[in-house]
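Shown next, in structure tokens, is the structure this report addresses.
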Amino acid sequence: MTTTPILILGGKGKTGRRVVAQLEANGTPVRLASRSSEQRFDWYDEGTWAGTAAGIDTAYLAPPVGPTGLAQAGRFIKQAAAEGLRRVVLLSGRGVGSPGREFAVYEGSLELEYAVKESGADWTIIRPAWFMQGFSEDFLYDYVMAGEIRVSAGTGAEAWIDTNDVGDVMAAVLLDESHTGKTYSLSGPRTLTMTEVAEELSAATGRPIANVDLEPEQHVAELSDFLTLEDAESVRDLFAVIRNHRSEYISDGVQEVLGREPRDFTDWARSVAQSGAWSA
1 MTTTPILILG
11 GKGKTGRRVV
21 AQLEANGTPV
31 RLASRSSEQR
41 FDWYDEGTWA
51 GTAAGIDTAY
61 LAPPVGPTGL
71 AQAGRFIKQA
81 AAEGLRRVVL
91 LSGRGVGSPG
101 REFAVYEGSL
111 ELEYAVKESG
121 ADWTIIRPAW
131 FMQGFSEDFL
141 YDYVMAGEIR
151 VSAGTGAEAW
161 IDTNDVGDVM
171 AAVLLDESHT
181 GKTYSLSGPR
191 TLTMTEVAEE
201 LSAATGRPIA
211 NVDLEPEQHV
221 AELSDFLTLE
231 DAESVRDLFA
241 VIRNHRSEYI
251 SDGVQEVLGR
261 EPRDFTDWAR
271 SVAQSGAWSA
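So for the sequence shown, the UniProt record's numbering puts the first residue at 1; every next one is plus one.
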């Protein structure tokens, strides 16, 4: 067990919170870096970067959304490695590095992967599918509560993954250097279309939940009510990957790292419903 803290960049996000919980349960010290941490850290204010990785051996990096944030994360990791950071575990996305025009949304993520690999630090890259928790902890939660999932995924399917599985993989990789130099793609055990997701959520909640398929530009217009235009367009482009049927495959990274199967969407939805998270 290491006595040197592991730096958590993005520790308040869906995966970061779970990584922190796993590490602390293991007795591993962590150092959180955020706008509200003891030593303030802001991706968009390079004046806050100095000293963030001081005395740190290993870091978990969950980058900000959007091209600007991804570019900033790349600059930070190069600086941290130059200052002595030895090892990085990066949260990326399934499909990054795949050929095809519809994968242009992943260009920033691929550039960040290159930045991590070229930083001089040892690296491991984790590429998960879309998170199931998007429907219980993120902006998709509001759609579930309103009874309409309004996105531009068309008839495409995604192999949704439980974020707890991602957190378990991240913690295991952070604590075991045998994963250095490896890239793992993670997914759940089956693919579901948005219509099938709505049916699963209807069954779990006991309330009718419909899938309303939006045209991509209509999706941007609705997202712009609560996201910046850059972030809204990034979300649209991520759903375009599903819309173009490029996510309809299963990945076995959970099995590779943990030696067990990932959680199924039905089991996850039932447990969330039982917790009261979707109670009106």
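In this text, a Cβ means the ideal position worked out from N, Cα and C, and glycines have one as well.
None of the values given here were measured: they were computed from a predicted structure.
> Grouping DSSP H, G and I as helix and E and B as strand, with all else coil, what is Arg101?
Replying inline: As a working note, residue 101 is residue 101 in the sequence shown. For Arg101, the predicted structure reports a pLDDT of 49, less than 50, and the residue's modelled location is therefore unreliable. A value from the coordinates is still provided. Helix.
> If we ignore side chains and look at the alpha-carbon of each, how far apart do Ser98 and Tyr106 end up?
Replying inline: In the sequence shown, counting from the first residue as 1, residue 98 sits at position 98. In the sequence shown, counting from the first residue as 1, residue 106 sits at position 106. Distance between the alpha carbons of Ser98 and Tyr106 is about 9 Å.
> Along the chain, where does the beta strand (DSSP E) that runs through Pro128 open and close?
Replying inline: The residue you call residue 128 lines up with position 128 of the sequence shown. Per DSSP, Pro128 belongs to the beta strand (DSSP E) from Asp122 to Pro128.
> What are the uninterrupted segments assigned as alpha helix (DSSP H) that are 4 or more residues long and contained completely in the region 170-223, given in chain order?
Replying inline: 194-205 and 216-223
> Can you give the Cα-Cα distance for Phe76 and Ala203, rounded to whole angstroms?
Replying inline: Here residue 76 is taken as the residue at index 76 of the sequence shown, counted from 1. Here residue 203 is taken as the residue at index 203 of the sequence shown, counted from 1. When rounded, the distance between both Cα atoms is 44 Å.
> Rounded to the nearest angstrom, how far is the Cβ of Ser119 from that of Phe239, given a contact under 8 Å?
Replying inline: Here residue 119 is taken as the residue at index 119 of the sequence shown, counted from 1. Here residue 239 is taken as the residue at index 239 of the sequence shown, counted from 1. So it is not a contact: roughly 31 Å between Cβ atoms.
> Among Ala115, Ile56, Pro208 and Leu61, which has the Cα closest to the Cα of Glu148?
Replying inline: For this step, residue 148 is matched to residue 148 along the sequence shown. For Glu148, the nearest C-alpha among the options comes from Pro208.
>> If you reduce the DSSP assignment to three classes, tell me which class Ile77 lands in.
In response: Working through the sequence shown from its first residue, we reach residue 77 at position 77. Of the three classes helix, strand and coil, the one that applies to Ile77 here is helix, per DSSP.
> Opposite residue 306 in the DSSP bridges: which residues?
Replying inline: Within the shown structure, residues of the chain are numbered from 1 to 280, placing residue 306 beyond reach of any answer.
>> Quick check on Leu229: buried or exposed, where buried means 16 or more other Cβ atoms within 10 Å of its Cβ?
In response: Taking the first residue of the sequence shown as 1, we reach residue 229 at position 229. By the 10 Å Cβ count, Leu229 comes out exposed.
>> Check this for me: beta carbons of Ser234 and Gly66, under 8 Å apart or not?
In response: For the purposes of this step, residue 234 is identified with residue 234 of the sequence shown, where counting begins at 1. For the purposes of this step, residue 66 is identified with residue 66 of the sequence shown, where counting begins at 1. Yes, these two residues count as a Cβ contact at 8 Å.
> Near Asn211, what residues of its chain come up, given a Cβ to Cβ distance below 6 Å and the 5 sequence neighbours on each side ignored?
Replying inline: Taking the first residue of the sequence shown as position 1, residue 211 is located at position 211. Cβ neighbours of Asn211 beyond the five flanking positions: Ile149, Met194, Thr195 and Ala198.
> From what residue to what residue does the beta strand (DSSP E) around Arg87 run?
Replying inline: Residue 87 sits at position 87 when you count from the first residue of the sequence shown. Arg87 to Leu91 is the span of the beta strand (DSSP E), which, as asked, contains Arg87.
> Under the rule that 16 or more other beta-carbon atoms within 10 Å means buried, what is Pro63, buried or exposed?
Replying inline: Sequence index remark: in the sequence shown, residue 63 carries index 63 (1-based). Residue environment for Pro63: buried (at least 16 other C-beta atoms within 10 angstroms of its C-beta).
> Considering only residues of the same chain and omitting the five flanking positions on each side of Asp225, which have a CB-CB separation below 6 Å?
Replying inline: Counting from one through the sequence shown, the residue named residue 225 turns up at place 225. Here the set comprises nothing.
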